[in-house]
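*Asks:* What follows is a structure written as C-alpha cells; I'll ask about it next.
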Amino acid sequence: MKNISDLPLRELNESLQISFREKNLPSSIRSLTPPGWVVDLQIDKGLYETKVSFSGETTYQQALHDILKPQGLTFLAYRNMKPKPLIVVTHGGKK
C-alpha cells in the first residue's frame, strides 16, 4: 500500500500555467503552491483581503515571488519538513 508520502512531490521549480483575477491574497498563495505542500501565513490579517490577479506560465517559485513582493512579503520553503514540506509566507524583502 502506498502512502501519500510515497507519491512524487511537486517541486517549486516545476512549471505551471495559471490564470485568476481578483482572488484574495491567501487564496492566491494557495493557488500558486505546489500540491502536497503546506502553507503557513505569518502576515498581517489586514492583507488577507488584498486582491490579486495573475496570469502566466512560470514556476511555482517565480509566481509566488511575483505576487508577494509588491505586498512587501516573501516566502521561505522548507522542503524536508515532515510530514509535508512547508512554505512560510512572512514580511520581508523590499517594500
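The opening residue of the sequence shown carries number 79 in the numbering used here; numbering runs sequentially from there.
Built from N, CA and C at the ideal position, the CB exists for glycine as well.
All values reported here derive from a predicted model rather than from experimental measurement.
So which of Leu94, Leu142, Asn91 has the shortest CA-CA distance to Pro104?
*Replies:* Answer by Cα proximity: Leu142.
*Asks:* Would you decide whether Ser106 is buried or exposed? Buried here means 16 or more other CB atoms lie within 10 Å of its CB.
*Replies:* The residue in question, Ser106, is buried, as its Cβ has 16 or more Cβ neighbours within 10 Å.
*Asks:* Just to confirm the assignment, what range does the alpha helix (DSSP H) spanning Ile145 have?
*Replies:* First-last of the alpha helix (DSSP H) with Ile145: 138-146.
*Asks:* If I measure Cβ to Cβ from Leu90 and keep anything under 7 Å in the same chain, skipping five residues before and after, which residues do I get?
*Replies:* Excluding sequence neighbours, Leu90 sits near Pro112, Thr137, Tyr138, Gln139, Ala155.
*Asks:* Give the DSSP-derived three-state secondary structure of Glu89 in the structure shown.
*Replies:* Looking at Glu89 - three-state DSSP - the assignment turns out to be coil, as it is neither helix nor strand.
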